[in-house]
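Just so you know, the sequences run in chain order A and B.
All you need for my numbering is the position in the first sequence, starting with 1, plus 5.
All you need for my numbering is the position in the second sequence, starting with 1, plus 354.
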Amino acid sequence: MGYMDKSLTYIHEAILKGEVTPLELVKEALLLAKEDTNNAFEYICEKEALDAVIKLDASKKNNLLYGIPVVIKDNFSTKDIPTTGSSNILNGYVPVFSSEVVTRLEKEGAIIIAKSTMDELAMGGSGTTGHLGVTYNPWDKDKKHQVGGSSCGSAAAVSAGIVPFALGSDTGDSVRKPASFAALVGLKPTWGRISRFGLFPFATSLDHVAYFTRNVYDSAYILNILAGRDDKDASSSFNKVEDYTANLSNSIKGKKIAVIKGIIDSISDKEVVKSFNVSLSYLKAQGAEVDVVDIDVKLLKAIYPTYIIISCAEATSNNANLDGIKFGNRIEGESFEEVMVKTRTNGFSPLIKRRFVIGSFSLLKENQDELFVRAQKCRRLIVNAFNRVFEKYDAIYCPAAPSIAPLVKGSSNNLSDEYLIADNYMAFANMGGYPSITLPLGFENNMPFGGNLTAKPFQESLLLNIAQAIENGTGLKDLVAKRN
Amino acid sequence: MKEVNKEVLVTSANKLMFDMSDEEYNNLLAEFDVIISQMNLIGDIEGVDEAIPMTFPFDVTNTYLREDVATPPMDRNEALRNAKDVVDGQIRLPRVVK
Numbered sequence: 006m007g008y009m010d011k012s013l014t015y016i017h018e019a020i021l022k023g024e025v026t027p028l029e030l031v032k033e034a035l036l037l038a039k040e041d042t043n044n045a046f047e048y049i050c051e052k053e054a055l056d057a058v059i060k061l062d063a064s065k066k067n068n069l070l071y072g073i074p075v076v077i078k079d080n081f082s083t084k085d086i087p088t089t090g091s092s093n094i095l096n097g098y099v100p101v102f103s104s105e106v107v108t109r110l111e112k113e114g115a116i117i118i119a120k121s122t123m124d125e126l127a128m129g130g131s132g133t134t135g136h137l138g139v140t141y142n143p144w145d146k147d148k149k150h151q152v153g154g155s156s157c158g159s160a161a162a163v164s165a166g167i168v169p170f171a172l173g174s175d176t177g178d179s180v181r182k183p184a185s186f187a188a189l190v191g192l193k194p195t196w197g198r199i200s201r202f203g204l205f206p207f208a209t210s211l212d213h214v215a216y217f218t219r220n221v222y223d224s225a226y227i228l229n230i231l232a233g234r235d236d237k238d239a240s241s242s243f244n245k246v247e248d249y250t251a252n253l254s255n256s257i258k259g260k261k262i263a264v265i266k267g268i269i270d271s272i273s274d275k276e277v278v279k280s281f282n283v284s285l286s287y288l289k290a291q292g293a294e295v296d297v298v299d300i301d302v303k304l305l306k307a308i309y310p311t312y313i314i315i316s317c318a319e320a321t322s323n324n325a326n327l328d329g330i331k332f333g334n335r336i337e338g339e340s341f342e343e344v345m346v347k348t349r350t351n352g353f354s355p356l357i358k359r360r361f362v363i364g365s366f367s368l369l370k371e372n373q374d375e376l377f378v379r380a381q382k383c384r385r386l387i388v389n390a391f392n393r394v395f396e397k398y399d400a401i402y403c404p405a406a407p408s409i410a411p412l413v414k415g416s417s418n419n420l421s422d423e424y425l426i427a428d429n430y431m432a433f434a435n436m437g438g439y440p441s442i443t444l445p446l447g448f449e450n451n452m453p454f455g456g457n458l459t460a461k462p463f464q465e466s467l468l469l470n471i472a473q474a475i476e477n478g479t480g481l482k483d484l485v486a487k488r489n
Numbered sequence: 355m356k357e358v359n360k361e362v363l364v365t366s367a368n369k370l371m372f373d374m375s376d377e378e379y380n381n382l383l384a385e386f387d388v389i390i391s392q393m394n395l396i397g398d399i400e401g402v403d404e405a406i407p408m409t410f411p412f413d414v415t416n417t418y419l420r421e422d423v424a425t426p427p428m429d430r431n432e433a434l435r436n437a438k439d440v441v442d443g444q445i446r447l448p449r450v451v452k
């Protein structure tokens, strides 16, 4: 019998009952990882995982993560384990320290079995741009559909039943969008709730640690472990950490949910809207008050360009240290400048270079006020608009994406309302630092799609409580794609 | 805003210490048509230029001094482990004065 397609709670109880040992779990996960056909992994940590499981402290076996195999996105530093950010410029790089979240997981007894593929340096949303190529959606045996990105490998690993939990990062929607495409629960907590120490920075004002599970309870439990102040991250919050599992089964009677009209109106897929409306009926049946609320469509359409300018501009400075001198895949030259130029020219893919040029262009002296600073001003107006909604409502709820996962070779009209709004609106939660969770809503042509729920900063308990109510209504949890 | 042409894009790339092929520059020039149209959506927002730029999601005020506790620093060889060319505990670069 296999365990990796089960929930954390189920696997934990099996360990406590003596039905399975951590070593057996790790061997099962490693075998599944090696059989993976979706290009989910940068590096499978076979030796490291087998060494770690033997050293487990049995006195900690009551911890939910004790002996549980997990996967880590390849932009989290992992001591003595290669970490590339799926970029050739970091080929061969082996961190000398671990990120705070990895340290916390290991202290709880989790065993890292692999580092997962991603869009290069997390700067993409398709799961197709990492240096190892396309990561496929486990729900599509024909391998035509994306799984989404940038946390593509982590999403593929959890939805394929290789591990029950994987770490990702979310700067625009990089966990919450793939969660929608892979029938997973993807949580991005409040900005500052989880330490980012050791996470490769992409856009510091928008970056969040986030993660995938297959049900809301597991998501809440993981937050109990990862949340909390860390002196090594100046942006990490001193706010009190709650028991995020405690209020999951509370009544949601009287909770006020806002559905944003402009987002729903921009979706053309009737099946997505229909399933979303059915989920609203579950919320209403449990006593929640649901209203359709207006936000200026011009503001909604400005979310994506605002995100692109700010993230690309911040990325140029955050990645300035990738020069091959102190670490990374150095290419020799006649001068130190030539070393840097050759290393960066050869190490970054064309897509990343284009993103950097967009950032650099918006930061040119002549353009800065009209592009970068204006984007920062627009961010303020966008966040103000959503804050006004939160003055009257406990949460905002909408489809996480306008459709099932796009085709790998598909194309989209990048100026359409559907692309600008429904496909990219979730970045508002990064701009405002709001906690935000995606969870499964339904299937179309056997491919999943999800809904997204967002709450006020540090209201994770309430967010998870409402998410649990939706999950109870849909019954869509612990979903695993059939292995090909 | 500066006119978008190949020369400007080369300048933008070179400021970031990398270069691109002619094909990559041409692809990016074509992409900029869409990018500029998207950026113009921001300019269409009423009152945008009067808003205060937002640099972080929300204000965080940390008024504390950390305890002055000495901790062991990382070993030098360990810190240099990922540098490709190390001599006598220092990273070697091409000669500056030829």
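Every residue gets a Cβ at the ideal spot worked out from N, C-alpha and C, and that includes glycine.
Three-way DSSP call (helix, strand, coil) for F361/A in this model: F361/A sits in a helix when the DSSP states are folded into three classes.
F454/A - containing beta strand (DSSP E), residue span: Unbroken beta strand (DSSP E) run through F454/A: M452 to A460.
Inter-residue spacing [alpha-carbon to alpha-carbon] between I445/B and V413/A: Their Cα atoms are separated by approximately 42 Å.
Opposing strand residues paired with K414/A [DSSP bridges]: K414/A pairs with nothing; no bridge assigned.
Whole-Å CB distance - M355/B paired with N419/A, under 8 Å assumed: In this structure M355/B is not in contact with N419/A, their Cβ atoms being roughly 20 Å apart against a cut-off of 8 Å.
Within chain A, partners of R430/B - CB distance below 9 Å: Going along chain A, no residue has its Cβ under 9 Å from R430/B, so there is no contact; the nearest lies around 11 Å.
Closer than 7 Å: L192/A CB and nearest the ligand SAH heavy atom: Only the bare structure without any ligand can be found here, which leaves the ligand SAH out of the picture.
Chain-order list of residues whose beta-carbon lies under 6 Å from that of G443/B (same chain, five-residue window excluded): So the list reads R430, once near-sequence residues are dropped.
Simplified DSSP state of Q381/A, which is helix, strand or coil: Collapsing the DSSP output to three states places Q381/A in a helix.
Chain A within 8 Å of D398/B, Cβ atoms only: Closer than 8 Å: yes.
Closest Cα partner of Y312/A within the set Q381/A, K289/A, V278/A and G135/A: Selection Q381/A, K289/A, V278/A and G135/A evaluated against Y312/A yields Q381/A as nearest (Cα-Cα).
Whether E449/A touches I409/A by CB criterion (8 Å): For the pair E449/A and I409/A, the CB atoms are nearer than the 8 Å cut-off.
Stretch-stretch touch, CB-based, cutoff 8 Å, three pairs: the region 454-470 of chain A with the region 287-298 of chain A: Not touching, per the Cβ criterion.
Per-residue DSSP class, three states only, for E371/A: In this structure, E371/A counts as coil in the three-state DSSP scheme.
Within-8 Å CB hit, P5/A to chain B: An answer regarding residue 5/A cannot be provided, because it is not within the stretch 6 to 489 covered by chain A.
Close Cβ partners of D299/A (< 6 Å) along its chain, the five nearest in sequence each way excluded: K266.
Best match in K397/A, D10/A and N477/A for proximity to G259/A [C-alpha to C-alpha]: The shortest Cα separation from G259/A among K397/A, D10/A and N477/A belongs to K397/A.
Chain B contact for M436/A (CB, 8 Å cutoff): Chain B, which has a Cβ nearer than 8 Å to the Cβ of M436/A, makes this yes.
Buried versus exposed, by CB contacts within 10 Å (16 or more), R379/A: Flag for R379/A reads buried.
Interfacial residues, the region 170-189 of chain A to chain B, with Cβ spacing under 9 Å: If the cut-off is 9 Å between Cβ atoms, the region 170-189 of chain A has nothing near chain B.
Assigned exposure category for G114/A - 16 Cβ within 10 Å defines buried: Around the beta-carbon of G114/A, 16 or more other beta-carbon atoms lie within 10 Å, marking it buried.
Continuous beta strand (DSSP E) assignments of at least 3 residues falling wholly in the region 54-128 of chain A: At a cut-off of 3 residues, the continuous stretches assigned as beta strand (DSSP E) that sit fully inside the region 54-128 of chain A are 74-78 and 116-121.
Contiguous beta strand (DSSP E) assignments of at least 3 residues, all confined to the region 188-212 of chain A: The qualifying runs are 190-193.
Cα-Cα separation between E385/B and P310/A, rounded to whole angstroms: Taking the CA atoms as reference points, E385/B sits about 14 Å from P310/A.
DSSP beta-bridge partners of A263/A: Answer is D296/A and I401/A, bridged to A263/A.
Beta-carbon neighbours of L55/A, restricted to chain B and to distances below 7 Å: Those do not exist, as L55/A stays about 24 Å from chain B at its closest Cβ, beyond 7 Å.
As assigned by DSSP and simplified to three states, the class of I406/B: It is coil, neither helix nor strand.
Pairwise C-alpha distance: S156/A and G130/A: For G130/A and S156/A, the distance between alpha carbons rounds to 8 Å.
Between the CA atoms of Y141/A and D41/A - distance to the nearest angstrom: In a straight line, the C-alpha of D41/A is about 10 Å away from that of Y141/A.
Meets three-Cβ-pair contact criterion under 8 Å: the region 86-97 of chain A and the region 116-133 of chain A: Verdict: yes, contact present.
6 Å Cβ shell around K261/A - same chain, five flanking residues per side excluded: Taking C-beta separations shorter than 6 Å and ignoring five residues to either side along the sequence, the partners of K261/A in its chain run E294, Y398 and D399, following chain order.
Proximal chain B residues relative to A307/A, where beta-carbon distance stays under 7 Å: Result: L395, I396 and I399.
Whole-angstrom distance between E337/A and R359/A, CA atom to CA atom: In this structure, the alpha-carbon of R359/A lies about 24 Å from that of E337/A.
Cross-chain neighbours of T321/A in chain B, by beta carbon under 9 Å: Result: K369 and L370.
Nearest candidate by alpha-carbon position, reference T195/A, set Y287/A, N435/A and I117/A: Closest option to T195/A, Cα to Cα, is N435/A.
Member of I363/A, K331/A, P404/A and L356/A whose CA lies at the smallest distance from the CA of T348/A: Here the closest residue by C-alpha is K331/A.
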